[in-house]
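In what follows, a structure is listed as structure tokens, so that the remarks can point back to it.
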Amino acid sequence: SIPEQLRDTWRKLSAAEFAGKEDFQREVVRHIETTLARSLYNCDDGAAYGGAALAVRDQLVIRWNKTQQNQTIRDQKRVYYLSLEFLMGRALDNSILNLDVKDMARDGMGELGFRIEDVISQEHDAALGNGGLGRLAACFLDCLATLNYPAWGYGLRYKYGIFKQEIVDGYQVETPDYWLDFNPWEFPRHDVTVDIMFYGHVNQYTDENGKVVKVWEGGEIVKAVAHDVPIPGYKTNTVNNLRLWASQPASGEFDFQKFNSGDYEGSIRDQQRAETISAVLYPNDNIDAGKELRLKQQYFWVAASLHDIVRRFKKTHRPWSEFSDQVAIQLNDTHPTLAIVELQRILVDVETLHWDEAWDIVTSTFGYTNHTVLPEALEKWPVPLVQHLLPRHLQIIYEINLYFLQQVEKKFPKNREMLRNLSIIEESQPQVIRMAFLAIIGSHKVNGVAELHSDLIKSTIFKDFVAFYGPDKFTNVTNGITPRRWLHQANPKLSDLISSKLGGYEFLKDLSQLENLKKFLNDKEFVKDWMDIKLANKVRLAKYIKETNGIAVNPHALFDIQVKRIHEYKRQQMNIFGVIYRYLQIKEMSLEERKNLVPRAFIFGGKAAPGYWMAKTIIKLINGVGDVVNNDKDIGDLLKVVFLEDYNVSKAEMIIPASDISEHISTAGTEASGTSNMKFVLNGGLIIGTMDGANIEITREIGEENIFLFGNVAENVEDLRHAHRFGKVEMDPKLKKVCDTINSGLFGDANIYAGLLSSLTTGCDYYLVSDDFSSYLTTQDLVDEAFKDKDGWAEKSISSVALMGFFSADRCINEYADMIWNVEPLPEHK
Ligand code: 9GP
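Start counting the sequence shown at 876; every next residue gets the next number (the numbering used here).
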């Protein structure tokens, strides 16, 4: 660091925060003219975005540096959130909002000739995630900073985020998302690197004290390079860090010997091999990819992160026994579970701690969040693969398992079934490692993400662990969302209206204040403003649909939206079957009868995993139905079907505020929580849903009168499936009618949909569409009736928003901090 006597000079020259609009503008112009080498003669929206982003980013960096310094000096316990996905979306708008400089940015850019909305929309989404899990991680980062917790996120810097979805001839087509062409939000730290080893073998030596030491050596080395992203909190000086690792070859760029001998391809092969590790995000949501490269990604990322965390801890010169007083590591799903093994390896093999002492440190450091009960999403790695890639880790896993099973044997003597049920190793062909089991055994707390889900994991997939540990190790933290992005940023007009009634924007930091909105339920002007804002948001979406899909949607129609990953358990197929039924009904109606109908626009969006054929068929069916319905002159505005291409975070910010009703209709017991349900309600939309995930708690908070619930409950699901397996379920006649229509070829070659339809019959209807279809349709009729009563609808909308305080992710973070991490916020620096 700089010698004491020179520090005054340094301080005088230190970068300063903007004093006002002119400072901001000066920085924008400076960046456009120098960093980007453009001028006022050739500055387009893209360059204006670049200038604005760099100017705002610099402000974040000033606070970021101070925050990091403050955290180092205070030396309090920190949280490390390990997530393979961070679905961040855009940063400029969010940074402007969190710095509370929106007006300045709007006026400042306006005077330079640019509309702030156009500038903001130039930014490429940071789409380093698939869906709910990655977006939750992004919301949590926002809240950790907003609440001034000393916290870091650790993830992978994928060169390609989630693919871009194009719809061609009704089918999903994937194209790469090269999001890094211009990314001012990251800082490569070429001086912060970690060498990561794969493969190799384990040798055993006896040291001078006669102790047997195991050494993992002879493997292939890849270098992890840190890329840091500043994460600002809302109206606080705290700016936390998200560290993303990129893979590079350990030994230089390319092999000169090969190059000199004319083997040009060979000379860069190693480089490509190394860079492949952080090249792509696996585009699977709730499906285990099971590929060697995925396991490599996981180890690469957790090993680099742990090395970094341990390095930081060692700088404090504390004894190892204090490690978990300084460090809390949260495992976001099982993807980072190898971190448990890696920390044990570091402590035992490198730091030479006794096994038991090391294991105590490990288990008091980690917490594990489970996000799914779906069997196809629970990670299991084949033993031979782990043996090959990480031989020392496999030995450690076996040892962890051995000691654990000894405890099990003590508690349940001679109970072979219990040993089999609880073993980390599943005795299949080949044997596999049950990562969730390893995560439970290596953590001090395990949490689910909504009440029903947390109960279900205790009574189903982890029930034997509850028998072993007792119930206290398991807890619930119901998910939440950040109201900054999902209300203030996505729906500024609504946020402004709320603030005008609540006397400011404090509610964005304390969402329970929304409750005061109830006082205005009878305020006619307020109610009108509320509904006018909804209409304006619908007009904006209708305009977008017209531009992108060429479909004219009447903004006064009921907007019925289902946007999320396409998955059979989320049941977009049931939604589109319902649309088909509605279409058939309308066709049969007289003109007089049609006069009573509420016009509806069904709007879908979401990506299917590229290898998930059934999900892709559902997309094709939605588009097939849209082609017929939207072009049927006899139907007009009464029914429209839209599939919005390439759903992502920034599109969600436009779509969600425009919804009247949104669909959260998963088979009961399958959706761990859902978080878009919360976003829709917070934006004044009502929901139709099953008794699943967080829908249940939303109902508890906002009241049954404000939500449209239908369908079977989780307790019945197993019996119903059983009945299907034994052929005891007759297909609902309405659903049969729908299937017959699809089979007639009305929506394109019936063969395309054969698999989807047979999943309902010969496939035993695993997701119970036929069991819920009838009550789904009846409930949709109730939605229509309710929508006709404009005042009643407005009342439901406002009173629901008023009761959404519980779903702020600030509440979640405080619960994690209190129940799992035992960390305190840090007073923010000046
Ligand atoms: O499917 C769950 C979703 O319901 C939940 O809201 C989200 C965040 O907790 O996690 C999803 N799970 C996964 O993506 C895979 O475990």
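Even for Gly, the Cβ is constructed at its ideal location relative to N, Cα and C.
Tell whether a beta-carbon distance below 8 Å holds between residue i and residue j.
{"i": "residue 1504", "j": "residue 1517", "result": "no"}
{"i": "residue 1514", "j": "residue 1469", "result": "no"}
{"i": "residue 953", "j": "residue 1205", "result": "no"}
{"i": "residue 1441", "j": "residue 1478", "result": "no"}
{"i": "residue 1013", "j": "residue 962", "result": "yes"}
{"i": "residue 1052", "j": "residue 1036", "result": "yes"}
{"i": "residue 1222", "j": "residue 1195", "result": "yes"}
{"i": "residue 1120", "j": "residue 1176", "result": "yes"}
{"i": "residue 935", "j": "residue 1109", "result": "no"}
{"i": "residue 1152", "j": "residue 1087", "result": "no"}
{"i": "residue 1360", "j": "residue 978", "result": "no"}
{"i": "residue 1006", "j": "residue 1160", "result": "yes"}
{"i": "residue 1500", "j": "residue 1454", "result": "yes"}
{"i": "residue 1248", "j": "residue 1548", "result": "no"}
Taking the continuous alpha helix (DSSP H) assigned at residue i, which residues delimit it?
{"i": "residue 1344", "result": "1338-1344"}
{"i": "residue 1376", "result": "1367-1377"}
{"i": "residue 984", "result": "977-986"}
{"i": "residue 1139", "result": "1139-1151"}
{"i": "residue 1115", "result": "Not the alpha helix (DSSP H): residue 1115 falls in the beta strand (DSSP E), residues 1114-1124."}
{"i": "residue 1310", "result": "1310-1316"}
{"i": "residue 1667", "result": "1665-1677"}
{"i": "residue 1131", "result": "1131-1135"}
{"i": "residue 1630", "result": "1629-1633"}
{"i": "residue 905", "result": "896-905"}
{"i": "residue 1298", "result": "Segment: none, residue 1298 is in no alpha helix (DSSP H) and carries neither H nor E."}
{"i": "residue 935", "result": "920-949"}
Apply the 10 Å Cβ neighbour rule to residue i and answer buried if 16 or more other Cβ atoms are within range, or exposed otherwise.
{"i": "residue 1471", "result": "exposed"}
{"i": "residue 1495", "result": "buried"}
{"i": "residue 1210", "result": "buried"}
{"i": "residue 917", "result": "exposed"}
{"i": "residue 1170", "result": "buried"}
{"i": "residue 1553", "result": "buried"}
{"i": "residue 1183", "result": "buried"}
{"i": "residue 1737", "result": "Absent from the structure is residue 1737, since the part of the chain shown begins at 876 and ends at 1705."}
{"i": "residue 1208", "result": "buried"}
{"i": "residue 1484", "result": "buried"}
{"i": "residue 1327", "result": "buried"}
{"i": "residue 1557", "result": "buried"}
{"i": "residue 1134", "result": "exposed"}
{"i": "residue 997", "result": "buried"}
{"i": "residue 1439", "result": "buried"}
{"i": "residue 1023", "result": "buried"}
Ends of the beta strand (DSSP E) at residue i?
{"i": "residue 1095", "result": "1095-1107"}
{"i": "residue 1081", "result": "1076-1081"}
{"i": "residue 1480", "result": "1475-1480"}
{"i": "residue 953", "result": "953-957"}
{"i": "residue 1794", "result": "Within the shown structure, residues of the chain are numbered from 876 to 1705, placing residue 1794 beyond reach of any answer."}
{"i": "residue 1686", "result": "From DSSP, residue 1686 is part of no beta strand (DSSP E) but of the alpha helix (DSSP H) over 1684-1690."}
{"i": "residue 1192", "result": "Here residue 1192 belongs to no beta strand (DSSP E), and DSSP marks it neither H nor E."}
{"i": "residue 963", "result": "961-964"}
{"i": "residue 1209", "result": "No beta strand (DSSP E) holds residue 1209; DSSP gives it neither H nor E."}
{"i": "residue 1040", "result": "1039-1043"}
{"i": "residue 1257", "result": "1255-1257"}
Does residue i have its Cβ less than 8 Å from a Cβ in chain C?
{"i": "residue 1564", "result": "The question asks about chain C, but that chain is absent: this structure has only one protein chain."}
Test item, CB below 7 Å from any non-hydrogen atom of the ligand 9GP: In chain order, the qualifying residues are 1005, 1006, 1007, 1008, 1011, 1160, 1161, 1208, 1246, 1247, 1252, 1324, 1354, 1546, 1547, 1548, 1549, 1550 and 1568.
Counting beta carbon pairs with one atom in the region 1318-1328 and one in the region 967-987, are three or more of them shorter than 8 Å? No contact exists between the region 967-987 and the region 1318-1328.
Any 3 or more C-beta pairs closer than 8 Å across the region 1524-1534 and the region 1273-1293: No, because fewer than three Cβ pairs between the region 1524-1534 and the region 1273-1293 fall closer than 8 Å, the two stretches do not touch.
Between the region 1303-1314 and the region 1679-1694, are three or more C-beta pairs nearer than 8 Å? As far as the Cβ criterion goes, the region 1303-1314 does not touch the region 1679-1694, which means the pair count is below three.
Stretch pair the region 1047-1062 + the region 1099-1114: three plus CB contacts closer than 8 Å: Touching, per the Cβ criterion.
Counting Cβ pairs closer than 8 Å, one from the region 915-933 and one from the region 946-961, do we hit at least three? Contact between the region 915-933 and the region 946-961 is not established, with fewer than three Cβ pairs separated by less than 8 Å.
Are the region 1377-1394 and the region 1665-1679 in contact at 8 Å, needing three or more beta carbon pairs? Yes, since at least three Cβ pairs between the region 1377-1394 and the region 1665-1679 fall closer than 8 Å, the two stretches touch.
Between the region 1081-1088 and the region 1108-1119, are three or more C-beta pairs nearer than 8 Å? Not touching, per the Cβ criterion.
Would you say the region 1561-1577 touches the region 1529-1548, given that touching needs at least three Cβ pairs under 8 Å? Yes, the region 1561-1577 touches the region 1529-1548.
Assess contact between the region 1417-1426 and the region 1450-1466, defined as three or more Cβ pairs (one per stretch) separated by less than 8 Å. Is contact present? At 8 Å Cβ cutoff, the stretches do not touch.
contact_flag[the region 1603-1610, the region 1634-1642] where n(CB pairs < 8 Å) is 3 or more: Cβ pair count under 8 Å is three or more, so yes.
Can we say the region 1606-1620 touches the region 1645-1653, given the rule of at least three CB pairs closer than 8 Å? They touch, by the three-pair rule.
Would you say the region 1323-1342 touches the region 978-990, given that touching needs at least three Cβ pairs under 8 Å? Pairwise C-beta distances place the region 1323-1342 out of contact with the region 978-990, as fewer than three of them are shorter than 8 Å.
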